[in-house]
Amino acid sequence: MNREEFNLLEIEKQVEVFNKMLKNSSIRKVCSELKISKTTIRNRFKKRGYIFNSEKNIYIKEKEIKRNYDPTIKEEKVSNINLTKEIYFDLLELIEIKDDLKDIVNNWKERTVASKQGLCINAFEGELCVKSIKVYKEVLDKFNEFVKKHRELKQQDIINQALWEFLQKYM
């Protein structure tokens with residue numbers, strides 16, 4: 134089956150076909166075979182209430198997971214892990230907001246110019262202003278040494294980040 138044929142199917146039929154293709158295979162291989170991205174499949178199925186059950190290696194309706202949960206039992210075995218009722222529902226809630234959390238993290242990463250070895254430079258926006266300052270030679274030498282090691286960064290971004298962190302800490 135090719136991508137076009139697959140996309141023409143109703144969502145329930147897509148899940149059925151995808152699950153059949155998953156037998157003795159992986160999501161990555163099936164997606165490659167259909168020439169469709171793993172993210173597209175995950176988002177499409179999730180939008181219709183399907184989540185991947187790694188234990189069974191199939192997509193199932195999220196309601197089926199909740200239906201199998203007996204709230205009168207204090208602990209229930211889920212994927213070979215004993216979970217309390219509270220933790221179980223917390224995990225379901227996290228699954229529901231997983232994509233939103235990923236978006237938040239990705240937005241934060243995009244706003245960051247550089248991040249390595251604990252170095253995190255924000256991508257400041259807005260009007261740039263000129264401010265002349267005098268710097269002790271010892272400090273300037275260290276600064277210049279740092280700039281040489283991090284040529285991927287602009288001096289103005291490094292100075293802005295340093296001032297910003299100082300102000301956050303002492304204001």
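Following our numbering, the numbering of the sequence shown begins with 134 at its first residue and continues without gaps.
Just so you know, even glycine gets a beta-carbon here, dropped at the ideal spot from N, CA and C.
- Less than 9 angstroms separates the beta-carbon of Asp290 from that of Ala256.
- As computed with DSSP, Phe276 is found in no beta bridge at all.
- Judged by DSSP in its simplified three-state form, Tyr221 adopts helix.
- In this structure, the alpha-carbon of Trp297 lies about 48 angstroms from that of Val163.
- As computed with DSSP, Lys194 is found in a beta bridge with Tyr183.
- Residue state for Leu252 is assigned as strand, using DSSP reduced to three classes.
- Each of Ile292, Asn239, Glu285 and Asn176 was checked against the Cα of Ser265, and the nearest Cα belongs to Ile292.
- Taking 4 residues as the minimum length, the alpha helix (DSSP H) runs contained wholly in the stretch 147–182 are 160–167 and 171–180, in order along the chain.
- Spanning the alpha carbons of Lys231 and Asn277 requires a straight line of approximately 42 angstroms.
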